[in-house]
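For the sequence shown, the tail end lands on 580 under the working numbering, and the numbers increase by one without skipping.
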Amino acid sequence: MGRSVLRTRLCDMLGIEYPIMSAGMGPNLIGEPVGAPVDLVVAVSEAGGLGVLGGSGYSLGELREAIREIKARTKKPYGVDLLLPKNIMEGLEGQEDIPLAKVITLLPQEYQDWFAKVRKELDLPPVDPELLVKTDTTTMRPKEAVAICLEEKVPLFAAGLGDPGWMVADAHAAGVKVLGISGNAKNAGRIAKSGADLVVAQGHEGGGHTGRVGTMALIPQAIDAAAPTPVLGAGGIGDGRGVAACLAMGCIGAWVGTRFLATTEGGASDLCKGRILDSTDEGTKVSTLYTGKTSRANISRFHEIWEASGLTALPFPLQVLLSSALLNCFVKGGKEEYVGGFAGQVSGLIHEIKPAAEVLMDLVDETVDILKNRLPRDVEVG
199 MGRSVLRTRL CDMLGIEYPI MSAGMGPNLI GEPVGAPVDL VVAVSEAGGL GVLGGSGYSL
259 GELREAIREI KARTKKPYGV DLLLPKNIME GLEGQEDIPL AKVITLLPQE YQDWFAKVRK
319 ELDLPPVDPE LLVKTDTTTM RPKEAVAICL EEKVPLFAAG LGDPGWMVAD AHAAGVKVLG
379 ISGNAKNAGR IAKSGADLVV AQGHEGGGHT GRVGTMALIP QAIDAAAPTP VLGAGGIGDG
439 RGVAACLAMG CIGAWVGTRF LATTEGGASD LCKGRILDST DEGTKVSTLY TGKTSRANIS
499 RFHEIWEASG LTALPFPLQV LLSSALLNCF VKGGKEEYVG GFAGQVSGLI HEIKPAAEVL
559 MDLVDETVDI LKNRLPRDVE VG
């Protein structure tokens, strides 16, 4: 039996076989290992979708190395996703890498006091002295990171956070297509007007940074706001039913995160993959705990102690450093009940860790089966 056929305009735009992308997921701001994001990109692209490298947390040199490794391992199209924050940590630009433990001592006093209180009450070890905050990361130096992507002529650049409008003209001149991600219709329209080639409309259900509007309500409004720029759907897509629904609403493809995170090649730790497998549809929570911006993650006791603190989240990316330091202490201290990772509400649909290529084909095959054979037959139309 031959492979299923599932093509939309997205396939023609990007030169791919199936209109499914893996969301950009990679190392965090302080560069802790997060598995093998390059492996995931290659696996998805080789299987006929489009793998997207999550580049936040890489140093500029590591980003270029990762891109070149992808190009050496696959001739298929791929993408790179970077965060483009408006505000960068003042005073750190141009400095040497700084121990994370030292950065914590530079935070406002009430956050230092809370950090010390949590460590004392839970009898936690100190932050790993070898853990460094890199000051030449793609998030700290986004314009230089974008320049690397254009120099390497990545097929698709994705702005996972922030407005990519300022780099669209240069990207197009380099033959690079641009994608922006939005959690509301207004921003979808803004991204389209900036000249981006594609917009991802990600609903509240999605893992990681997410907005306030549910996927079902968001997608049609985002499509209208972005027209004629094509839109991909995201948030709550974990099987072919979700992909088929996106296509039915007018999307030209799907942007899938959590389902690809929970794969053999996915970058989450074994602990966080286990959290996804054990989750229900109510097993995640939106909070500013992890980054200072609203993001969805597995529910853990970390949420409890943060909410009890009464503190307001620090601006991105300072909150990332605070939460990363405590997560390091939780892991070292064996407090797994306080550890979680980014994941969407679709976690409740995921019951098995499988190779990414199998996940892609499962998505494709079920989508095709639904569109060809499984639409309700008891609905009368005329």
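Built from N, CA and C at the ideal position, the CB exists for glycine as well. Everything numeric in this text was worked out from a predicted model, so none of it was measured.
The region 496-513 makes contact with the region 524-538; the number of CB pairs closer than 8 Å reaches 3 or more. Between the C-alpha atoms of Glu328 and Asn526 there is a straight-line separation of about 11 Å.
Distance from the CA of Glu215 to the CA of Leu561, rounded to the nearest whole angstrom, comes to 13 Å. Secondary-structure assignment with DSSP links Gln400 through a beta bridge to Ala432.
Counting along the chain, the unbroken alpha helix (DSSP H) around Gly472 starts and ends at 468-476. A direct Cα-Cα distance of roughly 15 Å separates Asn382 from Pro428. Look at Ser220 here: in three-state DSSP terms it is strand.
Boundaries of the beta strand (DSSP E) around Gly277: 276-281. Taken in chain order, the unbroken stretches of alpha helix (DSSP H) that lie wholly in the region 328-410 and span 4 residues or more are 340-349, 366-371, 383-391. Taking a C-beta distance under 8 Å as the contact criterion, Thr336 and Gly405 do not qualify as a contact pair. Rounded to whole angstroms, the Cβ separation of Phe458 and Ala245 is 11 Å, and the two are not in contact under 8 Å. The Cβ atoms of Val242 and Ala446 do not sit closer than 8 Å to each other. Counting the other CB atoms within 10 Å of its CB gives Lys530 a total below 16, which places it among the exposed residues. Sequence-distant Cβ neighbours of Ala371 in its own chain, meaning closer than 7 Å and more than five residues away, do not exist here. Between the beta-carbon of Pro217 and that of Gly451 there is about 3 Å, and that keeps the pair under the 8 Å contact cut. Across the structure, Phe528 and Leu519 are spaced so that their CA atoms are roughly 14 Å apart. The beta-carbon distance between Val240 and Met219, rounded to whole angstroms, is 14 Å. This is too long to meet the 8 Å contact definition. Counting C-beta pairs closer than 8 Å gives fewer than three between the region 349-360 and the region 538-552, which falls short of the contact rule. When DSSP states are grouped into helix, strand and coil, Thr510 belongs to the coil group. For Val240, the enclosing alpha helix (DSSP H) stretches over residues 235-244. Of Pro297, Cys347, Lys341, Gly360, the smallest CA-CA separation from Ile268 is found for Cys347.
DSSP places Arg266 in the uninterrupted alpha helix (DSSP H) bounded by 258-271. Here Trp504 is buried: its Cβ has 16 or more other Cβ atoms, across all protein chains shown, within 10 Å.
By the neighbour-count definition (other C-beta atoms within 10 Å, threshold 16), Lys471 is a buried residue. Spatial neighbours of Ala442 in its own chain (CB-CB distance under 7 Å, excluding positions within 5 residues in sequence) are listed in chain order as Thr565, Ile568, Leu569.
Gly393 and Gly378 have their alpha carbons spaced roughly 10 Å apart. In the structure shown, the three-state DSSP call for Arg201 is coil.
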